[in-house]
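Working notes, beginning with the structure itself.
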Amino acid sequence: MKNLLNSPIVKKMSSLHFVIAVLFISTLYVSICNLVFPEGSALHVSNYTVSLLGKYLCYALLALAVDLVWGYCGILSLGHGAFFALGGYAMGMYLMRQIGDRGVYGNPELPDFMVFLNWTELPWYWAGSDNALVMILLVFAGPGLLAFIFGTLAFRSRVSGVYLSIMTQAMTYALLLSFFRNEMGFGGNNGLTDFKEIFGFSLQSPDTKLALFIATAVFLAIGYAVSHFIVNSKMGRVVTAIRDAENRVRFVGYKPEHYKVWIFVVSAILAGVAGALYVPQVGIINPGEFSPLNSIEIVIWVAIGGRGTLYGALIGAIVVSYAKTRFTAIMPEAWLFGLGGLFVLVTLLLPKGIAGIVINFMDKMDSSNEKQASKLADEATIAETK
Amino acid sequence: MIVDKNGSPLNAAENLNPDTRHGMILYVEDVSVSFDGFKALNDLNLYIGDGELRCLIGANGAGKTTLMDVITGKTRPDTGKVSFGQQIDLLELDECEIARAGIGRKFQKPTVFEALTVFENIELSLKGDKGIITSLFHKLSGEQKDKIDEVLQTIGLIAEQHYPAGRLSHGQKQWLEIGMLLAAEPRLLLVDEPVTGMTTQETERTAELLTSLAGKHSVVVVEHDMAFVRSIARKVTVLHQGTVLAEGSMDEVQANKDVREVYLGEEH
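Chains as they are written, first to last, in numbering that gives the first Met the number 0: chain E, 0 to 385; chain P, 0 to 267.
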């Protein structure tokens, strides 16, 4: 029985259960505190906090996506912000169309920025953008397709390591520049904003905000479960093997490039979903989300949380984002130094990140278990020999 | 796609097994490879019999590793033919397809999946569908577990099966890598310097392991350690500057005048 409890499979399963339980309990707690306790009560959670927490959970899902490719497959993507932003733009387009004639120019068909540019009709790629199903499809297909094309080209040509990282940076930078242009039809510099409602519910209403927060928690749980299933399947072991010895994998008979493209696409879709959940909660999406710096920050979250564990990514994203909120309120100009310092400290003191502490703790538990077990076994043999 | 020597595609049933009716598993004919003008292989001819254990020896730069690279699809020759059995043209296949066709390769430096356990290393190497969807929903069958056990037994790593492979000693990693090859049930094993860095005892065990494999598999071993070669080889091929210098039993080869001159560096 003890062996069963200590077997690696059960341990990994319990990490999934643990994460989902924590998510469930904290979501429930926040919801109750937001709804039940009146403003001014010590237990009240403000609407502002709810939205802020929802934002953190989006970041957590984004970090999870990066951990899947970087922690498990060794693909250091410095362009995951691009997938996040594309998912966000897909959602943003839908939200723009929901404004209807309530915009400044009162045009029922065209978003304000298009009227301002003297456009007379929607560009073809905005077709169907007022349909929620089309939006959902785009959230998945946009980032997924970009990842598929980019991944196929890069991995087929066996680009890896630092060259690949630079290419991902270039990709997100290219998108940043193109989305800045008004002619792209995504609102240029200002991006998409001034949203009114989502699925018919007002975005200003506290209930909608809470619902969005809960939806984010649910999607994070689903994303975690999917990632957990992947990394614990044989597919996950192949992916880990690719990280450690790609050539050996090839000579064993697997096609590493197929596996890499596949995991890259899954990861991009997770990032896209995170972006789509993010936009209604912050109320804006602009080309700044494509900034290469954003993508690097995601990687730092994962490094600080501990790569290759999944839950480490969640911890890293939430801890660093919270620190950022706090820090930028006190000393905005010092934040980047704070982030850099945190990164250096963690790399020096906790090479496995915050998750490393958890792992060490678990190992200690194990070895004390084992010691106890061997002690028992010794006693048993002594008893037998007597 | 697997095609025959003349380029016409073969169906799945045909490509399962190399055609060895003439007793040969590997044909390397008139193969030349040059890197920036340097001829690594020069009109090389080599035939490996089915079930044979062959040793390849030669000084550094004689072309041993390049030959392995050509056979496993890592390097494309400039000219020549390489076929597996009579019908499978290896030059048409990439590395994975060659591995799937039944040629296993052990690298000079032991390469195992360090983060995975010994058991998982063998599991990934098992013969079977290597596609993504199959891998995602794969469950080990009883038969496969037995096969893994059998391999672990052969390479003597039963007790270590749940260790991460990164924790194994150098010699154990070499065996694990051989075990991974065995799990794929290849017809032909290419083994590059298996005893480098091994203790005498480990070397002896490796010799035993390799000789026990011959017959069921064809084995080609590249090795510098002459004592080791003598202990396992029935037939030795000496490479020199990209061509075959001599071929025969160890004694014949050692008595050969050319070999003494160029490889053993003896003056007359």
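Even for Gly, the Cβ is constructed at its ideal location relative to N, Cα and C.
When only Cα atoms are considered, Tyr277 (chain E) and Lys195 (chain E) end up about 15 Å apart. Closer than 7 Å to the CB of Ser320 (chain E) there is not a single CB belonging to chain P. The secondary-structure analysis by DSSP pairs Arg104 (chain P) across a beta bridge with P:Leu189. The DSSP assignment places 199-212 and 225-231 as complete runs of the alpha helix (DSSP H) inside the segment 192-250 of chain P, in order along the chain (cut-off: 4 residues). Val252 (chain P) is a Cβ neighbour of Val235 (chain P), given a cutoff of 7 Å.
Rounded to whole angstroms, the separation of the alpha carbons of Ala39 (chain P) and Val32 (chain P) is 6 Å. Contact annotation: the segment 178-189 of chain E does not touch the segment 16-34 of chain E, with fewer than three C-beta pairs closer than 8 Å. By the rule that beta-carbons nearer than 7 Å mark a contact, Phe250 (chain E) touches chain P. In the structure shown, Tyr162 (chain P) falls within a coil segment according to DSSP collapsed to helix, strand and coil. Chain E has no Cβ within less than 7 Å of the Cβ of Arg259 (chain P). With contacts defined by Cβ atoms closer than 7 Å, Trp300 (chain E) and Val319 (chain E) form a contacting pair. Minimum Cα-Cα distance from Phe149 (chain E) among the listed residues E:Gln168, E:Met134 and E:Leu137 corresponds to E:Gln168.
Fully contained in the segment 92-125 of chain E are the following alpha helix (DSSP H) runs of length 4 or more, in chain order: 111-115.
Counting only runs of at least 4 residues, the segment 11-77 of chain P fully encloses the following alpha helix (DSSP H) elements, listed from N- to C-terminal order: 11-14 and 63-70. Distance from the CA atom of Phe178 (chain E) to the CA atom of Phe23 (chain E), rounded to whole angstroms, is 37 Å.
A distance below 6 Å between beta-carbons, with the five flanking residues on each side excluded, links Lys172 (chain P) to the following residues of its chain, in chain order: Pro109 and Val111.
With a threshold of 16 other beta carbon atoms within 10 Å, Glu142 (chain P) falls short and is exposed. Taking a Cβ-Cβ cut-off of 8 Å, the neighbours of Thr71 (chain P) in chain E comprise Phe250, given in sequence order. Residue-level contact by beta carbon holds for Cys95 (chain P) and chain E, with a gap shorter than 7 Å.
Leu89 (chain P) places its beta carbon less than 7 Å from that of Val81 (chain P). The alpha-carbon of Ile177 (chain P) is positioned some 22 Å away from that of Met234 (chain E). Chain order gives the chain P residues near Val237 (chain E) as Leu123 and Ser134, where near means a beta carbon separation below 7 Å. Only residues of its own chain outside the window of five on either side were considered, and among them Ser31 have a CB closer than 6 Å to the CB of Thr78 (chain P), listed in chain order. Close to chain P, meaning a Cβ-Cβ distance shorter than 8 Å, is no residue of the segment 40-73 of chain E at all.
Lys38 (chain P) is outside the set of residues whose beta carbon lies under 7 Å from a beta carbon in chain E.
Secondary structure note for Tyr55 (chain E): its alpha helix (DSSP H) is the uninterrupted segment Asn46 to Asp66. When Cβ-Cβ separations below 7 Å define contact, Lys254 (chain E) makes contact with chain P.
Residues are counted here when their Cβ sits less than 7 Å from a Cβ of chain E; for the segment 84-108 of chain P these are Glu94, Cys95, Ala98, Arg99 and Arg104, given in chain order. In this structure, Ile24 (chain P) sits near Leu187 (chain P), with a CB-CB distance shorter than 7 Å. Within chain P, the residues Thr110, Val111, Phe112 and Glu113 have their CB atoms less than 8 Å from the CB of Ala244 (chain E), given in chain order.
Interface residue (Cβ-Cβ distance to chain E less than 7 Å): Lys129 (chain P) is classified as such. Here the C-alpha atom of Ala182 (chain P) lies approximately 11 Å from the C-alpha atom of Ile154 (chain P). Counting along the chain, the unbroken alpha helix (DSSP H) around Trp174 (chain P) starts and ends at His169 to Ala182. Using beta-carbon distances, Met234 (chain E) counts as an interface residue toward chain P, with a partner under 7 Å.
Taking 7 Å as the cut-off, the Cβ atoms of Val221 (chain P) and Leu55 (chain P) count as close. Rounded to whole angstroms, the Cβ separation of Ala267 (chain E) and Pro142 (chain E) is 4 Å, and the two are in contact under 8 Å.
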